[in-house]
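A quick write-up on the structure given underneath.
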Amino acid sequence: MDTVSAAANLIILIGEEPDALQIPAEYANTHGLYRMGVRPDIMQTEGKNIYDMLYEDGAVNALYIMGEDPVSIFPDSSKITGTLKSLKFLVVQDIAMTETAKLAHVILPASGWAEKDGTFINAEGIAQKLQKIVDAPGQSLPDWRILRNLSLSFGADIAARDLESITYEINNTIKDNREVPGKKAFNPVAYSAAEGPDPEYPLLLVTRDVLQHSGTISTRSKALDLVASEPFLELSEDDAEKFGISDNSYVRLTSRRGAVYLKAKISDTVESGTVFTSLHFPYGRINALTRPSRNGGAIIEAVTIESAKGDSRA
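In our numbering, the protein residues as written are 1044 to 1357.
This is the structure:
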């Protein structure tokens, strides 16, 4: 939210029209959900958001998670794992046995994109048609059929008999929310680092994507695995020398929330005092080091590193 507000301020400052600010969706169908009316209410007074449900003790007793793997990709994964384990009932609907699915009481297997007909709304808001290429394995079903079957088991008929009826309903429900407000106003945004370095944690950890992967699902690709198969810690030559780290050796990376072991990669593109790594690989457990940001700020944590030589856990 802070990033968007700052960008909007810049648009107003230079005298551009509101449509000059383009905010693409992060994932496929995110924009589709928004156009269907599934969106957060910033003025919400009832209900719970993702932070309430996953980071506050006892906020919910049960969860139904579709197509998401909070244990692997959400910050402070130890807290997430504890929350999910404490639930009385957890249902996970997904195409793969994710780390989150392993904690579920009930797993509902969904079919993948090549195993069903339908559409995806891309980041630009354009509908892209999918055509079934292969049969879905095992008991997996398209998501809409799983939801329909659940509704029938509860004694309610949602009247979705086939994909055509769903498409008809979408076309009659979807809303194009591109209204431009008539009033322009600056929204002050104050920058403050989530954590700063100190003598105990002298380095700043910045997480980012690597070119070959997007999320955790792509790490299941054997082809992509040949190019990038594991997370690594990228650090400067000065910091490598300072902390006694050699290239391709294992290091212990520690924040105020936990510790993980990664292979080091010395780089001449990283500034001293900063280290980089990626979040894609579930077994890397990088999110054990991070904490959530309610305003969508960058994940930057204060950390320290040490050589893992002689550590039996490395």
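C-beta atoms are modelled at their ideal positions from N, C-alpha and C, and glycine is treated no differently.
Residue i versus residue j: straight-line alpha-carbon distance, rounded
| i | j | result |
| --- | --- | --- |
| D1290 | I1150 | 42 Å |
| Y1077 | A1331 | 30 Å |
| G1239 | V1294 | 21 Å |
| F1324 | P1152 | 22 Å |
| A1166 | G1075 | 9 Å |
| I1055 | S1121 | 42 Å |
| S1355 | Y1304 | Below a pLDDT of 50, predicted positions are generally treated as unreliable, and S1355, at 45, falls in that range; the measurement from the model is reported next regardless. If you take the alpha carbons of S1355 and Y1304, they lie about 11 Å apart. |
| T1141 | F1229 | 43 Å |
| A1216 | P1185 | It should be noted that the sequence gives Thr, not Ala, for residue 1216. When rounded, the distance between both Cα atoms is 21 Å. |
| T1333 | R1300 | 7 Å |
| T1210 | K1175 | 16 Å |
| P1245 | I1342 | 16 Å |
| P1242 | T1259 | 34 Å |
Delimiting residues of the beta strand (DSSP E) encompassing residue i
| i | result |
| --- | --- |
| M1109 | 1105-1109 |
| E1349 | 1343-1350 |
| D1137 | 1132-1137 |
| Y1293 | 1293-1297 |
Residue i CB to nearest heavy atom of the ligand SAM below 7 Å
| i | result |
| --- | --- |
| I1066 | As for the ligand SAM, it is missing from this structure, which has no ligand bound. |
DSSP bridge partner residues for residue i (one or two, in chain order)
| i | result |
| --- | --- |
| I1309 | L1278 |
| Q1171 | F1163 |
| A1179 | In DSSP, A1179 forms no bridge with anything. |
| A1153 | L1184 |
| R1251 | S1321 |
| V1303 | L1296 |
| L1246 | V1346 |
Close Cβ partners of residue i (< 7 Å) along its chain, the five nearest in sequence each way excluded
| i | result |
| --- | --- |
| T1297 | V1346, T1347 |
| Y1107 | V1134 |
| F1319 | V1249, R1251, E1277, V1313 |
Residue span of the alpha helix (DSSP H) that contains residue i, given as start and end
| i | result |
| --- | --- |
| A1266 | 1265-1270 |
| P1000 | Lying outside 1044 to 1357, the shown extent of the chain, residue 1000 is not represented and no answer is given. |
| D1045 | 1045-1056 |
| P1113 | 1113-1116 |
| Y1326 | Careful: Y1326 lies outside any alpha helix (DSSP H) and carries neither H nor E. |
| R1188 | 1186-1196 |
| T1126 | 1120-1129 |
| I1093 | 1093-1098 |
| R1078 | 1073-1078 |
Residue i vs residue j beta-carbon contact at 8 Å
| i | j | result |
| --- | --- | --- |
| T1302 | F1275 | The residue asked about is misnamed: residue 1302 is Ala in this sequence, not Thr. No, these two residues do not count as a Cβ contact at 8 Å. |
| A1179 | E1158 | yes |
| V1047 | I1066 | yes |
| V1313 | E1277 | yes |
| L1097 | I1123 | yes |
| I1169 | S1154 | no |
| D1045 | V1232 | yes |
| L1064 | A1049 | no |
| S1292 | S1350 | yes |
| G1101 | Q1136 | no |
| V1103 | T1143 | no |
Cβ shell of residue i (< 6 Å), same chain only, five flanking positions each side left out
| i | result |
| --- | --- |
| S1310 | E1277 |
| G1161 | L1173 |
| I1164 | N1072, H1074, G1075, A1170 |
| H1148 | F1132, L1133 |
Sequence-distant residues of the same chain with beta carbon closer than 8 Å to residue i, five excluded per side
| i | result |
| --- | --- |
| D1281 | S1315 |
| P1335 | Y1094, Y1098, F1117, P1118, D1119 |
| I1057 | none |
| A1362 | Residue 1362 is absent from the model: the chain starts at 1044 and stops at 1357. |
| L1194 | Note that residue 1194 is Ser in the sequence shown, not Leu. Correct list, in chain order: D1200, I1201. |
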